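One structure below.
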Amino acid sequence: MKPGSFSITKLAASAAAGLAMTAVSVHAFAADLVGQPTDGAIGLQPGVTALRHQVEGFHTWFLLPILFGISLLVLALLAWCILRFNHRANPTPARFTHNTTVEVLWTVVPVLILLTMAIPSFRLLFDYHDMPKPDVTVKATGYQWYWGYAYPDQKIDEETSNILPEDKAKAAGVPYMLATTQPMIVPVNKVVHVLVTGADVIHSFSVPAFGVKIDAVPGRMNETWFKATQTGTYYGQCSQLCGTDHSFMPIEVKVVSQADFDAWVASKAPAPPPAANNSAAPTNAAAPAPGPTAAAAAAPAKS
Ligand SMILES: [Cu+2]
Numbered sequence: 453m454k455p456g457s458f459s460i461t462k463l464a465a466s467a468a469a470g471l472a473m474t475a476v477s478v479h480a481f482a483a484d485l486v487g488q489p490t491d492g493a494i495g496l497q498p499g500v501t502a503l504r505h506q507v508e509g510f511h512t513w514f515l516l517p518i519l520f521g522i523s524l525l526v527l528a529l530l531a532w533c534i535l536r537f538n539h540r541a542n543p544t545p546a547r548f549t550h551n552t553t554v555e556v557l558w559t560v561v562p563v564l565i566l567l568t569m570a571i572p573s574f575r576l577l578f579d580y581h582d583m584p585k586p587d588v589t590v591k592a593t594g595y596q597w598y599w600g601y602a603y604p605d606q607k608i609d610e611e612t613s614n615i616l617p618e619d620k621a622k623a624a625g626v627p628y629m630l631a632t633t634q635p636m637i638v639p640v641n642k643v644v645h646v647l648v649t650g651a652d653v654i655h656s657f658s659v660p661a662f663g664v665k666i667d668a669v670p671g672r673m674n675e676t677w678f679k680a681t682q683t684g685t686y687y688g689q690c691s692q693l694c695g696t697d698h699s700f701m702p703i704e705v706k707v708v709s710q711a712d713f714d715a716w717v718a719s720k721a722p723a724p725p726p727a728a729n730n731s732a733a734p735t736n737a738a739a740p741a742p743g744p745t746a747a748a749a750a751a752p753a754k755s
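The opening residue of the sequence shown carries number 453 in my numbering; numbering runs sequentially from there.
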């Protein structure tokens, strides 16, 4: 008689302790690192876009309570069955097999719960889909195994963004496996439109702090957007298994002031045309261009 009730109490106590620890840890770590994961933390890393805050609210204050509520209800029902209907407490079991009221309830209630979850979920999806007028457009192309970023409006040709080698990352004091040789540079508080495609296999462009994740599919141009409200460096990773080096193609986005962005764009501008003298100067600007262009032209032809 004792062992059954004792273990249930223990189970409930450890569940409560777990919940309390969860709440404490979320609090303790939430503010630690922005734009990257924090060791030993749980929960979502801090977000810096309005949509990401909505995602967080939906997840933490809407879905999680429902999840905990359902879990506690099932735990209570289990405990009740074990205690009330065990062999000793209930030696002669009832023989009926159907109960219409209960069957209607356990069909209708879950449907209502799903509907309650679907409405804010779809609202959020529509918000992602209703893209504001972009201030900056970046084309992100996934390759095996790196990313390429091009700025069509600024006439900046695609630049290759490789993972930063471990020794260089350590020397620079940036996180290895997240830092890159060439970050995507975007201005703060501006709508950044990201055109996402894949050159070989399906990759996925994902930056948790922006609440952005979208597949990079060869032969298709997907689009997403974000408006970061804080300057800084934000990391993400390819989030679609794309081959052996899938985990070695991180995404690094540097959100900078508009002035810094303009200066960066200016630094990327091709040499001014009046200086069109002869050979030496243009080779520098011309060299990177054919590579990506040829790759981009070849990719759709294959599929
Ligand atoms: Cu990938």
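No residue lacks a Cβ here, since even glycine has one placed at the ideal position from N, Cα and C. Keep in mind the model is a prediction, meaning the values are calculated, not measured.
- Ranking Asp714, Ser658, Ala668 and Asp619 by CA distance to the CA of lysine 642 puts Asp714 first.
- When C-beta atoms of the region 519 to 530 are compared with those of the region 675 to 695, fewer than three pairs fall below 8 Å, so the two segments do not count as touching.
- Less than 8 Å divides the Cβ of glycine 695 from the Cβ of tryptophan 597.
- Annotated three-state conformation of serine 656 is strand, per DSSP.
- In the assembly as shown, valine 507 is a buried residue. Its beta-carbon has 16 or more other beta-carbons within 10 Å.
- Under a 10 Å Cβ-count criterion, histidine 550 is classified as exposed, with fewer than 16 other Cβ atoms of the shown protein chains found around its own Cβ.
- For ligand 1, no non-hydrogen atom lies closer than 7 Å to the CB of glycine 663.
- Closest in C-alpha terms to alanine 502, from the list Gly663, Ala718 and Pro639, comes Gly663.
- The beta carbon of valine 638 is closer than 8 Å to those of Val588, Val590, Val644, Ala680, Val705, Lys706, Val707, Val708 and Phe713 in its chain, skipping five residues each way along the sequence.
- Within 7 Å of the C-beta of glycine 671 there is not a single heavy atom belonging to ligand 1.
- Spanning the alpha carbons of tryptophan 599 and tryptophan 677 requires a straight line of approximately 17 Å.
- Taking C-alpha positions only, leucine 616 is separated from alanine 661 by approximately 20 Å.
- Taking 8 Å as the cut-off, the Cβ atoms of glutamate 610 and glutamine 634 do not count as close.
- Proline 635 carries a coil assignment under DSSP once its states are collapsed to helix, strand and coil.
- When beta bridges are read from the DSSP output, histidine 645 appears opposite Thr589 and Trp677.
- Contact between threonine 593 and threonine 649 holds: CB atoms are separated by about 5 Å, below the 8 Å threshold.
- Annotated three-state conformation of alanine 668 is strand, per DSSP.
- Beta-bridge annotation (DSSP): lysine 706 is paired with Ile637 and Thr685.
- Taking C-beta separations shorter than 6 Å and ignoring five residues to either side along the sequence, the partners of glutamine 710 in its chain run Pro639, following chain order.
- In this model, glycine 509 and isoleucine 565 are separated by some 18 Å (Cα to Cα).
- In the three-state reduction of the DSSP assignment, isoleucine 615 falls in the strand class, which pools E and B.
- Looking only at Met636, Asp652, Asp619 and Gln488, the smallest Cα-Cα distance to isoleucine 608 is reached by Met636.
- For glycine 600, the uninterrupted beta strand (DSSP E) run begins and ends at 598 to 603, by DSSP.
- Secondary structure of aspartate 609 (DSSP, three-state): strand.
- Note on geometry: alpha-carbon atoms of glutamine 606 and methionine 673 lie some 19 Å from one another.
- DSSP places tyrosine 580 inside the alpha helix (DSSP H), whose first and last residues are 552 to 581.
- Taking all protein chains in view, the Cβ of methionine 583 is surrounded by fewer than 16 other Cβ atoms within 10 Å, so the residue is classified as exposed.
- Here DSSP, grouped into helix, strand and coil, assigns glycine 509 to helix.
- Aspartate 667 is a Cβ neighbour of glutamine 692, given a cutoff of 8 Å.
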